[in-house]
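Q: Following this message is one structure expressed as structure tokens.
Put into structure tokens, the structure is as follows:
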């Protein structure tokens, strides 16, 4: 039987994933699979393992001519941000690098220097990986990263409930034109401070595709709607609320807290302030305009 030709651009990333995820097999040690920032795998009585893979592509995640050290740093930092979004600590990385043979070796050396500098700050080992040539000019870097989180304590997108208050960990908007998308700091210290203060969020994810895309994902996973105060959005200087919603590449954490926990937040000594932007509700908005989606022109 001939399958109908449906281009990816007719679906967008979310719809493509809905078709692909049911095809993924599992086993009895996989605690939480695709659908969160990381997969969660049973390790031992104290820890669960976190598994993450992420990719940066020239022309999509960074522009040609970007300093190679900043490219490498971003490639690893994106995956570390996802480990933070699960409340965990990063451990070991494998790097797959694809590059056209005409590119200078100094480019690759710079990429690895940038990754190594970030890795040393988070006690991450870069344990190996793979290289391949590309048949066309370009640079692609994939990072596979493991981490750990206390057994049964991984923070999922699906744990929110109506009435939970929504917070973000920093200002939003203008990341790509400002260069912040290359130099951001993954929020591991914040996530761990919350976990260690017995302030585990009910739901959490990192903001890579923009609040307009990521907040509906968290709300849908938690089977909730949301009420958002655009006036409360923490915008970078010179950015509008619309940019804060849709620009993406912020790599801040989006968190939900039950009201009783939220009341304790002002008394905590955290690495950065948190901004309350709304709440999860039983019935409410399910979409927020258009953030970033792959496969859409």
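Residue numbers (the working numbering): -17 to 279.
Yeah, the Cβ is synthetic: ideal placement off N, Cα and C, and Gly gets one too.
1. Expressed to the nearest angstrom, what Euclidean distance is found between the alpha-carbon atoms of residue 98 and residue 126?
2. Roughly how many angstroms separate the alpha carbons of residue 150 and residue 63, rounded to a whole number?
3. Spatial neighbours of residue 163 within its chain, please: C-beta separation below 6 Å, excluding the five flanking residues on both sides.
4. Which residue comes first and which comes last in the alpha helix (DSSP H) that contains residue 93?
5. Residue 72 lies in the beta strand (DSSP E); which residues open and close that run?
6. For residue 141, which residues in the same chain have their Cβ closer than 6 Å to its Cβ, ignoring the five residues on either side in sequence?
7. In the DSSP assignment, find the alpha helix (DSSP H) that holds residue 258 and state where it starts and stops.
8. Quick one: give me the first and last residue of the beta strand (DSSP E) that residue 135 is part of.
9. With distance defined between alpha-carbon atoms, name the residue in 196, 65, 124, 86 nearest to residue 132.
10. Going by the beta-carbon positions, is the gap between residue 176 and residue 258 smaller than 8 Å?
11. Looking only at C-alpha atoms, which of 128, 110, 237 sits nearest to residue 261?
12. Compute the distance between the beta-carbons of residue 195 and residue 124, then report whether it is under 8 Å.
13. Roughly how many angstroms separate the alpha carbons of residue 188 and residue 235, rounded to a whole number?
14. Hey, is the stretch 38 to 55 in contact with the stretch 83 to 100, meaning 3+ C-beta pairs nearer than 8 Å?
15. Assuming residue 60 contacts residue 190 under a Cβ cut-off of 8 Å, what Cβ separation, rounded to an integer in Å, is found between them?
16. Compare the beta carbon distance of residue 104 and residue 170 with 8 Å and say whether it is the shorter of the two.
17. From the DSSP output, in three-state form, read off residue 141 for me.
18. Excluding the 5 residues flanking residue 55 on each side, which residues of the same chain have their C-beta closer than 8 Å to its C-beta?
19. Buried or exposed: residue 22, going by 16 or more other Cβ atoms within 10 Å of its Cβ?
20. With 16 as the cutoff for other CB atoms within 10 Å, does residue 225 come out buried or exposed?
21. Applying the criterion that 16 or more other CB atoms from any shown protein chain within 10 Å of the CB defines a buried residue, is residue 70 buried or exposed?
22. Here's the rule: buried if 16 or more other CB atoms are within 10 angstroms of the residue's CB, otherwise exposed. What is residue 139?
23. For residue 158, would you say it is in contact with chain D, using Cβ-to-Cβ distances shorter than 8 Å as the test?
24. Who are the Cβ neighbours of residue 172 in its own chain at under 8 Å, not counting the five residues just before and after it?
25. In its own chain, which residues sit with a C-beta less than 8 Å from the C-beta of residue 282, not counting the 5 before and 5 after it?
26. For residue 178, does the count of other Cβ atoms within 10 angstroms reach 16, so buried, or fall short, so exposed?
27. Going by the C-beta, is residue 100 closer than 7 Å to any heavy atom of the ligand MG?
28. So who's on the other strand from residue 294, going by DSSP bridges?
29. Mind checking which residues open and close the beta strand (DSSP E) that includes residue 207?
30. If you measure between the beta carbons of residue 264 and residue 192, is that distance less than 8 Å?
A: The structure says:
1. Here residue 98 refers to the residue found at position 116 when the chain shown is read from its first residue. Here residue 126 refers to the residue found at position 144 when the chain shown is read from its first residue. When rounded, the separation of the alpha-carbon atoms in residue 98 and residue 126 is 15 Å.
2. Mapped onto the chain shown, residue 150 falls at position 168. Mapped onto the chain shown, residue 63 falls at position 81. Each residue's alpha carbon lies about 14 Å from the other.
3. As a working note, residue 163 is residue 181 in the chain shown. Around residue 163: 157, 231.
4. Residue 93 sits at position 111 when you count from the first residue of the chain shown. It spans 87 to 103 - the alpha helix (DSSP H) in which residue 93 sits, taken as one unbroken run.
5. Taking the chain shown and counting its residues from 1, the one referred to as residue 72 is at position 90. In the DSSP assignment, residue 72 falls within the unbroken beta strand (DSSP E) covering 71 to 81.
6. As a position in the chain shown, residue 141 is number 159, starting the count at 1. For residue 141, same chain residues with a beta-carbon under 6 Å away, outside a window of 5 residues either side, are 184, 185 in chain order.
7. The count along the chain shown starts at 1 and reaches residue 258 at position 276. From DSSP, residue 258 is part of no alpha helix (DSSP H) but of the beta strand (DSSP E) over 257 to 263.
8. Stepping through the chain shown from its first residue, residue 135 is reached at position 153. Note, residue 135: premise wrong, no beta strand (DSSP E); not H, not E.
9. The residue given as residue 132 occupies position 150 in the chain shown. When each option's Cα is compared against that of residue 132, the closest is 65.
10. What you label residue 176 is simply residue 194 of the chain shown in a count that begins at 1. What you label residue 258 is simply residue 276 of the chain shown in a count that begins at 1. Cβ distance not < 8 Å, so residue 176 and residue 258 don't count as in contact.
11. To locate residue 261, count along the chain shown from 1; it is residue 279. Taking only the C-alpha atoms, the option nearest residue 261 is 237.
12. The residue labelled residue 195 in the question sits at position 213 within the chain shown. The residue labelled residue 124 in the question sits at position 142 within the chain shown. Not in contact: residue 195 and residue 124 (Cβ atoms no closer than 8 Å).
13. Residue mapping note: residue 188 aligns to position 206 of the chain shown, counting from 1. Residue mapping note: residue 235 aligns to position 253 of the chain shown, counting from 1. C-alpha of residue 188 to C-alpha of residue 235: approximately 4 Å in a straight line.
14. yes
15. Counting from 1 along the chain shown, the entry for residue 60 is found at position 78. Counting from 1 along the chain shown, the entry for residue 190 is found at position 208. That pair is a contact at about 7 Å.
16. The count along the chain shown starts at 1 and reaches residue 104 at position 122. The count along the chain shown starts at 1 and reaches residue 170 at position 188. Yes, these two residues count as a Cβ contact at 8 Å.
17. One-based indexing of the chain shown puts residue 141 at position 159. The answer is helix: DSSP assigns residue 141 an H, G or I state.
18. On the chain shown, position 73 is the one that residue 55 refers to. 96, 97, 99, 100, 164, 165.
19. Locating residue 22 in the chain shown gives position 40, counting from the first residue. Buried, since its Cβ has 16 or more Cβ neighbours within 10 Å.
20. Working through the chain shown from its first residue, we reach residue 225 at position 243. Classification for residue 225: buried.
21. Working through the chain shown from its first residue, we reach residue 70 at position 88. By the neighbour-count rule (16 or more Cβ atoms within 10 Å), residue 70 is buried.
22. The residue labelled residue 139 in the question sits at position 157 within the chain shown. Flag for residue 139 reads buried.
23. You won't find chain D in this structure, because it holds only one protein chain.
24. The residue labelled residue 172 in the question sits at position 190 within the chain shown. Excluding residues within five positions, the ones whose Cβ falls inside 8 Å are 66, 151, 235, 252, 253, 254.
25. As shown, the chain starts at -17 and ends at 279. That puts residue 282 outside it, with no answer to give.
26. To locate residue 178, count along the chain shown from 1; it is residue 196. Residue 178 comes out exposed.
27. Among the components of this structure there are no ligands whatsoever, and the ligand MG is therefore not found.
28. Residue 294 falls outside the range modelled here, since the chain spans only -17 to 279, and no answer is possible.
29. By 1-based counting over the chain shown, the position of residue 207 is 225. Segment 207 to 210, the beta strand (DSSP E) holding residue 207.
30. Position 282 of the chain shown, counted from the start, is the residue given in the question as residue 264. Position 210 of the chain shown, counted from the start, is the residue given in the question as residue 192. Contact flag unset, no.
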